[in-house]
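This report concerns only the one structure given below.
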Amino acid sequence: DGTPVRFPKPTLRTHRYDLDAAHPGLFESIANEIDALTMARYRPSAFDLDRGEENAEAQLAGLLKSGLLKRFESCWWACLKTVGRMLAAHDAFLAAWETGEVLSREELRAAASEEVDEAGLAGWLEERLADDGRRKAEEFDPEFGQAVAADRDRLAAIQRELDELGRGEDPKLELLVELLENSPATKIAVFSTFGATVRYLDEKLAERVGGREREVVIGGETSPDERTGALARFSPETVVHPGYEPPAGEVDLLLSTDVLSEGQNLQQAQAVISYDMPWNPQRVVQRNGRVIRLRSPHDEVFLTTMLPSPGELERILGLEARIQSKIKAASGVYGMESEVIEGLEAELHSFAERLAGGDPGLALEAEEDSGAFVGEELRRMVDRAVAEGEVERVRHLPWGIGACFRQQPGGRSVGAPGVFFATRTQPMADAEFGYRYWRYVELDSGDVVDGDLEILRRIDPHGGAPAEPKSIDLDGAWAKAAANIVEAHNERADLRARQEQIGPRQRWALDLLRDPGVGLPVGTEQLDEVDAALSVERSSAVRRALREVQERLEAAEVSRDGAAAEVVDVVRDFGLRPVEPPPLPEKIDAEQLGVVCWMAVLPS
């Protein structure tokens, strides 16, 4: 409309607080206790005498442990509230255990629900944690009760340490007060992942920061209308309209969870403070993007992240990497190799270094340019829908429902027009809820797209125009999608295809070890373990190590016996262990596919 296009200059800053300086030894003590938690209370299947550990329980245990660690980094009060809930759950379990009973999994469902409300981590787990009623303790390993009791003692120790911290100085809160008092910005938005942290800040800042009226927004505790009302007081010019004067008066401080970290025009504010570590680049983009916007009245905006002291941060990052490696293993990543932990830790350290160094790329990376952001944004949308009670309404929609929109210049949908199908197979013996498949059939070429992130880009309706799918051959598009899905699924059901997945390097290593003419440095039992460890798909680092052995053999630098010994060393060095692969799915035909929903995308 003739307005010059201009973004404010982002200035990134990191400020450190030192918990150990105020409370010597307390940080390391709590970190050690969190590290030692087995989370046995949330993993009953791991102690069931008749079955192995269920993935859903293992993932929930990892998410809860990660959430506890992140709450500790965020705010001692948030961590203390979570520890209190966990202690109550452990006490209830142990009381029942003493009477010879094991409580139902309802407590696990409640724990998963709590994660949704606080951090949007594990809502889908609720569906997989079906209540199994009370069971007899004799059906479980006797060590189950001992493990829960040991965790209960660790949680009690954490509670005592946090109580001590609460009675003394809070260096992190002191740092925030200093930042607010010395900021050149009039309006400031402070973000935290956790509602308990925001409540703590609201209470403490009322005592410490004068002259700054504030609005407080916590995702699960506010309706969309309430959030809009709060933002209208904080940024009335851009949230409502220029010249708008809120009846309750304007405020210059906003305390919020990440429910407001996307899609809001808060460019009246000149500063964003991340009270806790954002944990991934997308979260940084979302939080900071509230003020790096067109029509900002500011030439410069100040983007601040508060981080623990270097030694404390390193400890937290290492512990989080180990927790995440276990979550990934429970999600189906084979093995618990040291390289997985090292890779995750390196990724976290790299991100933390970018934060600490004020990397301008963290502020300037466009949300739409990040493939990972598409999935991150979808998760945040679903989390918000959960908090607002929308999920139940969606669940009651009939299967086969669909919609249609037309691409528009400037809209988010990019790529060839087509039809998207979200499908599930019928429930099977190996998959209670069936298998999920997404497909997008391009209208002109008939090509089938199966990549989730690419599909999400195609079907994003933001900026599109509603339309009727009258000109589309839905049946023809479905026939192509169904044929593609059936072919892909039945390949998964083929044992030979699974064996092919391990790749040529591992197949070469297995052929070498299975050659009766090759002398081996291990006995039959150990050889079987090495064989089983290499019979499932391994990481690129393992394959590179095997390739080097193969190349040494081909260059006659080592004999076949020597190469076999080096293959065994690779398995030992990487800590590879036999892993039971998931059961092969049943084969299907198109009649066993159901369309959950569809979306037609028409050209502009």
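Just so it is clear: in the sequence shown, position 208 is 219 by this note's numbering, and no numbers are missing.
The beta-carbon is built from N, C-alpha and C at its ideal position, and this holds for glycine as well.
None of these values were measured; they are calculated from a predicted model.
Continuous beta strand (DSSP E) stretch holding residue i: start and end
| i | result |
| --- | --- |
| Trp609 | Leu604 to Leu613 |
| Thr201 | One point to set straight first is that residue 201 is Val, not Thr, in the sequence displayed. Looking at the DSSP string, the run of the beta strand (DSSP E) that includes Val201 is Ile199 to Phe202. |
| Ala433 | Gly429 to Thr436 |
| Phe28 | Looking at the sequence provided, one finds Tyr at residue 28 rather than Phe. Segment Lys20 to Tyr28, the beta strand (DSSP E) holding Tyr28. |
| Glu311 | Glu311 to Pro319 |
| Arg225 | Arg225 to Val228 |
| Leu265 | Leu264 to Ser267 |
Candidates the options: closest to residue i by CA position
| i | options | result |
| --- | --- | --- |
| Arg178 | Glu323, Thr22, Arg52 and Trp87 | Trp87 |
| Lys598 | Ile303, Asn501, Trp609 and Asp542 | Asn501 |
| Ala47 | Gln437, Leu23, Val159 and Gly426 | Val159 |
| Gly658 | Ala504, Asp31 and Arg417 | The structure shown does not extend to residue 658, since the chain is modelled only from 12 to 615, so the question has no answer here. |
| Pro480 | Arg326, Pro614 and Ala398 | Pro614 |
| Val553 | Pro438, Gly534 and Gly586 | Gly586 |
| Leu265 | Gln281, Arg558 and Leu91 | Gln281 |
| Ser246 | Ala567, Val302 and Ser234 | Val302 |
| Arg588 | Leu23, Glu548 and Glu498 | Glu548 |
| Glu559 | Glu577, Asp572 and Leu545 | Glu577 |
| Ala575 | Leu531, Ile466 and Leu454 | Leu531 |
Span of the alpha helix (DSSP H), counted from its first residue to its last, around residue i
| i | result |
| --- | --- |
| Thr93 | Trp87 to Glu109 |
| Ile470 | Asp463 to Ile470 |
| Gly156 | Glu154 to Arg178 |
| Ser40 | Leu37 to Ala47 |
| Val302 | Counting along the chain, Val302 falls outside any alpha helix (DSSP H), and DSSP gives it neither H nor E. |
| Phe245 | Pro235 to Phe245 |
| Gln522 | Note that residue 522 is Asp in the sequence shown here, rather than Gln. That run of the alpha helix (DSSP H) goes Gly514 to Arg525. |
| Glu192 | Pro182 to Asn193 |
Local conformation of residue i per DSSP, three classes
| i | result |
| --- | --- |
| Lys147 | strand |
| Tyr6 | Absent from the structure is residue 6, since the part of the chain shown begins at 12 and ends at 615. |
| Ile284 | strand |
| Ala440 | coil |
| Leu408 | coil |
| Gly134 | At Gly134, the pLDDT of 49 sits below 50, so the modelled position is not reliable; the number obtained from the coordinates is stated separately. Looking at Gly134 - three-state DSSP - the assignment turns out to be coil, as it is neither helix nor strand. |
| Pro253 | coil |
| Ser77 | helix |
| Phe585 | coil |
| Val127 | Legend: pLDDT at Val127 = 46, less than 50; position of this residue unreliable, no value from coordinates given. |
| Ile414 | Checking the displayed sequence, the identity of residue 414 turns out to be Ala instead of Ile. Looking at Ala414 - three-state DSSP - the assignment turns out to be strand. |
| Ala478 | coil |
| Ser349 | The pLDDT assigned to Ser349 is 47, lower than 50, so where the model puts this residue is not dependable; a value taken from the coordinates is nonetheless given after this. Residue state, collapsed to three classes: helix. |
| Val425 | coil |
| Val113 | strand |
| Asp484 | coil |
| Val579 | helix |
| Val569 | coil |
Residue i CB to nearest heavy atom of the ligand HEM below 8 Å
| i | result |
| --- | --- |
| Lys147 | No copy of the ligand HEM occurs in the structure displayed, which carries no ligand at all. |
Cβ distance (whole Å) where residue i is taken to contact residue j below 8 Å
| i | j | result |
| --- | --- | --- |
| Asp463 | Trp449 | 6 Å |
| Val220 | Ala241 | Not really, about 18 Å apart at Cβ, beyond 8 Å. |
| Ala148 | Trp108 | 6 Å |
| Val283 | Arg306 | Not confirmed; about 17 Å, so no contact. |
| Val606 | Trp410 | 7 Å |
| Ala601 | Val529 | That pair is no contact at about 47 Å. |
| Ser85 | Phe205 | 5 Å |
| Phe313 | Ser194 | 7 Å |
| Lys491 | Val452 | 5 Å |
CB contact check: residue i to chain C, cutoff 9 Å
| i | result |
| --- | --- |
| Val16 | No chain C appears in the structure shown, which is made up of a single protein chain. |
Sufficient close CB pairs (3 or more, under 8 Å) joining the segment 162-173 to the segment 38-54: Short answer: they touch.
Sufficient close CB pairs (3 or more, under 8 Å) joining the segment 517-532 to the segment 540-550: Per the Cβ contact rule, the segment 517-532 is in contact with the segment 540-550 (3 or more Cβ pairs under 8 Å).
Validate contact between the segment 399-407 and the segment 424-444 using beta carbons, cut 8 Å, 3 pairs: Taking 8 Å as the limit for Cβ pairs, the verdict is that the segment 424-444 does not touch the segment 399-407.
The segment 72-82 touching the segment 327-337, judged by at least three CB pairs closer than 8 Å: Touching, per the Cβ criterion.
Stretch-stretch touch, CB-based, cutoff 8 Å, three pairs: the segment 406-422 with the segment 467-477: Yes, they touch.
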